[in-house]
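So for the sequence shown, the working numbering puts the first residue at 164; every next one is plus one.
Just so it is clear, CB atoms sit at the ideal spot from N, CA and C, and this is done for glycine as well.
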Amino acid sequence: MLFDETTLRKLNQLTLIAARVRAGAIKGERRSSRRGSSVEFADYRDYTPGDDLRRLDWNIYARLDRPFIKLLEEEEDLAVHILVDGSGSMGWGEGQHQKFEYAQRLTAGLAAVTLASGDVLTIGLLREGKVTAEFGPARGQASLTRLFRFLDGLERGGETNLNLSLREYSIKPRRAGLVVLISDLLTSEGYEAGLRHLLGRGHEAVLLHVLSTDEL
Numbered sequence: 164m165l166f167d168e169t170t171l172r173k174l175n176q177l178t179l180i181a182a183r184v185r186a187g188a189i190k191g192e193r194r195s196s197r198r199g200s201s202v203e204f205a206d207y208r209d210y211t212p213g214d215d216l217r218r219l220d221w222n223i224y225a226r227l228d229r230p231f232i233k234l235l236e237e238e239e240d241l242a243v244h245i246l247v248d249g250s251g252s253m254g255w256g257e258g259q260h261q262k263f264e265y266a267q268r269l270t271a272g273l274a275a276v277t278l279a280s281g282d283v284l285t286i287g288l289l290r291e292g293k294v295t296a297e298f299g300p301a302r303g304q305a306s307l308t309r310l311f312r313f314l315d316g317l318e319r320g321g322e323t324n325l326n327l328s329l330r331e332y333s334i335k336p337r338r339a340g341l342v343v344l345i346s347d348l349l350t351s352e353g354y355e356a357g358l359r360h361l362l363g364r365g366h367e368a369v370l371l372h373v374l375s376t377d378e379l
């Protein structure tokens, strides 16, 4: 297991907030802290594993044969996408200082915060210019065991082209939200064009640059 129970309890007290939420640039990212006011129906969204089945609209399901969840006016969530560089260069370092192992633990921490907040989590492994493994979309702490199993099973190796990988991730139909890229950025093609693809799809992008101590 990547974390003990004490660490998980501490992570459960945290919340991810996209900077653009404050400006309203991304819609439906954060639950309102208001209490006592009326809560009314606002919209529908696709069902995600872990959602409360009491919110499922069975009438729409019967008509369209596709599950939709009712969104209430004061219950908004954030779509969090964590993208991990799985190239061979991420294997540099030893023990807990190995870049890929550190990236796995960092991903696990961010993912645990996301699931504890009731937000929607997707994780992608980037290798050889592609998204070679994907977890989610998932919601709720019931997904933690499956999440840790997924992260433990990730393998690194080969080259990576971040521009191609990020473009591939961005062109698939996904809900706009917060994208966290974890990488050592050791790619000759760069990564800026890939980030522009994400921004063009309405995402907010955050880059976490991972290096071993002897690369600093």
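Query, Result
"Run through the DSSP bridge pairs and tell me what E297 is partnered with.", "G287"
"Could you check which residue in R229, T376, L370 and D347 has the C-alpha nearest to that of G249?", "D347"
"Taking the DSSP output, what are the residues bridged to H372?", "S346"
"What residue from G254, I286, E322 and E297 has the CA that sits closest to S375's CA?", "G254"
"Tell me Y332's beta-bridge partners as DSSP assigns them.", "The partner list for Y332 (beta bridge, DSSP) is empty, contrary to what the question assumes."
"Label G113 either buried or exposed according to how many other C-beta atoms from any shown protein chain fall within 10 Å of its C-beta, with 16 as the threshold for buried.", "Nothing can be reported for residue 113, as the shown portion of the chain is limited to 164 through 379."
"Leaving out five residues on either side along the sequence, give the residues of the same chain with a beta carbon under 8 Å from the beta carbon of H260.", "S375 and T376"
"Kindly indicate the opening and closing residues of the beta strand (DSSP E) around L246.", "A242 to D248"
"What's the C-alpha gap between D215 and G316?", "29 Å"
"Can you tell me which of G303, R290 and E331 puts its alpha carbon nearest to the alpha carbon of V247?", "R290"
"Within 10 angstroms of the Cβ of L344, are there 16 or more other Cβ atoms? Answer buried if so, exposed if not.", "buried"
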